Structure formats: structure tokens, C-alpha cells
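Protein chains in written order, with the working numbering: chain A, 8 to 119; chain B, 9 to 122. Yeah, the Cβ is synthetic: ideal placement off N, Cα and C, and Gly gets one too. The structure presented is a predicted model; accordingly, all values stated were derived computationally and were not measured.
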């Protein structure tokens, strides 16, 4: 079954404690992205990757890091989380940015 | 960079009526315009998309129109049903030469009243 998976689905953490949200896809997609969703602000792109070892900033990259060492995986790293990073995070993959995005189930992150 | 504005932010319609959501974009290099539907507690899913070489596209009760000159595109849902209640997002994107970002609008919460 074609899918995008994310883990964990829910996470409550404290300010400053490093965390990683994993994302994996099994569709051999080259393009992968991370978005955050906040009420009234829609989906904002954090980082995207065109292929292995190729990543670039989206519209809201501050406070986040990513890596793309394998085609299927695109983890999101918060080295020092802060309360303003409390949000719903979605990973997505597609062939290119101009093809259908397949979203993961989302990760709800709360930073206290 | 690209800026996508979406209106209205909320839309309440009677079952059977039509719903229209409008988006404007700023980057003339954008050439792909998808629409996503997000039901409560679920992930966004593509419902229809249009490319810049096409002015209109239909799929059953939904249609999208694109005006490249004015830089706006719209989603039309006819004969609305309760299952159309959701949040809808428009987006704009381009590939390679003009950048590789995908920019979403702020979303429209649609409520279809039976």
C-alpha cells in the first residue's frame, strides 16, 4: 500500500529538549516536504527536499533542521524546541512540487 | 516569494446550493494550482488541480477555473452535500527554474447545512 508514515503521532515535550519526527514514504518519490498547520494560517512549508542530499528552506525554516540521507526518509529535527513550535506537523511526498502531494497522518507537537 | 491569499475563511451553505472559494497568487512563474480537502482530524487530500495551460477543469460536482492574467483561481462545488463539509486549501507551485516551493492559502472552512 502506497503511504507516508510519521512518528510519533503525538508528542508532549519541554522547552529545549531535542526531538526528531520521522517521515518515511514507499512511493519512490523524489520531492518531500514538511509543513506546519496552525489555525488561520493554513499549511506553511518548513523545508523541502528535491532528492537525496538536496534540501532547501521553505517559508518558515527557523528553529528546524532536516536531512535526506535516503530517498524514502526525511526526518524533521527540532534541536531546541520552544513553545511557539507547538503545532500540527505534516510530512508529504510527491514526484515533483507540481504533482499531487501525499500527506502523512500528522504529528501533534506540544512544547511546554 | 509566492504569496497565496484565500477567501472567504469560512463559508456556510445550504445543502444543494453552490460554494465558491477564491484564491489569488503573486508569482507569475507559478504554473500548478492544486486544491486540497481536509476533513476534521484527517490529513489533506487532493481533490482537483489545474495547470497554467488550462483555463478550466471539471470533475463531477467540482470545478476549478484559472485566470493567469489576473492571477486568480477558484474552486466551485455544485449541489453541495453534508460530506462536503471540510476545510479546503488552495496552493500554488512551480518547478525548477522558478523555484520548488509549494505555497498554500490560509484555508476555507465550509459548512454544509442539511
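Item checked: Below-8 Å beta-carbon distance, residue 90(A) vs any chain B residue -> no
Check: How big is the Cα-Cα spacing for residue 76(B) and residue 111(A)?
Finding: 31 Å
Checklist line | Beta-carbon separation (whole angstroms), residue 94(B) vs residue 47(B), contact threshold 8 Å | finding: 5 Å
Checklist line | Closest Cα partner of residue 53(A) within the set 91(A), 45(A), 41(A) | finding: 41(A)
Next item on the list: Identify which residue in 10(A), 26(A), 9(A), 13(A) has its Cα closest to the Cα of residue 117(A).
Entry: 26(A)
Item checked: Three-state secondary structure assigned by DSSP to residue 75(B) -> strand
Notebook entry, point to check: If you run the structure through DSSP and keep just helix, strand and coil, what is residue 42(B)?
Noted result: strand
Check: Taking 8 Å as the CB-CB cut-off, is residue 112(A) touching chain B?
Finding: With 8 Å as the cut-off, residue 112(A) counts as an interface residue toward chain B.
Next item on the list: Output, in chain order, the set of chain B residues within a Cβ distance shorter than 9 Å of residue 52(A).
Entry: 109, 110, 111, 112
Notebook entry, point to check: Looking only at its own chain, which residues have a Cβ that is under 8 Å from the Cβ of residue 99(B), when we skip the five neighbours before and after it?
Noted result: 12, 41, 42, 43, 44, 110, 111, 112, 113
Item checked: Start and end residues, beta strand (DSSP E) containing residue 84(B) -> 80-85
Notebook entry, point to check: Which residues of chain B have a Cβ atom closer than 7 Å to the Cβ of residue 103(A), listed in chain order?
Noted result: 103
Check: Checking contacts by CB at 8 Å: is residue 48(A) closer than that to chain B?
Finding: Answer yes: the Cβ-Cβ gap between residue 48(A) and chain B drops below 8 Å somewhere.
Next item on the list: State yes or no: is the beta carbon of residue 97(A) nearer than 8 Å to at least one beta carbon in chain B?
Entry: yes
Margin query: Can you list, in chain order, the residues of its chain with a C-beta nearer than 6 Å to that of residue 19(A)? Leave out the 5 residues immediately preceding and following it.
Written below: Here the set comprises 117.
Note to self: Please report the straight-line C-alpha distance between residue 24(A) and residue 87(A), rounded to a whole angstrom.
What the structure shows: 6 Å
Checklist line | residue 122(B) versus residue 63(B): straight-line alpha-carbon distance, rounded | finding: 32 Å
Item checked: Check whether residue 114(A) and residue 51(A) have beta carbons under 8 Å apart -> no
Checklist line | Where residue 10(B) falls, given that 16 or more other Cβ within 10 Å makes a residue buried | finding: Residue environment analysis places residue 10(B) among the buried positions, since at least 16 neighbouring C-beta atoms fall within 10 angstroms of its C-beta.
Margin query: Please give me, in chain order, every unbroken run of the beta strand (DSSP E) with length at least 3 that falls completely inside the segment 41-70 of chain A.
Written below: 49-58, 61-64
Notebook entry, point to check: With C-beta atoms as the reference, is residue 124(B) less than 8 Å away from residue 88(B)?
Noted result: Residue numbering for chain B in the displayed model covers 9 to 122; residue 124(B) lies beyond these limits and cannot be assessed.
Check: How is residue 14(A) classed by DSSP in three states: helix, strand or coil?
Finding: Looking at residue 14(A) - three-state DSSP - the assignment turns out to be strand.
Next item on the list: Kindly list, in the order they appear in chain B, the residues whose Cβ is closer than 8 Å to that of residue 107(A).
Entry: At a C-beta separation below 8 Å, residue 107(A) has these neighbours in chain B: 42, 54, 57.
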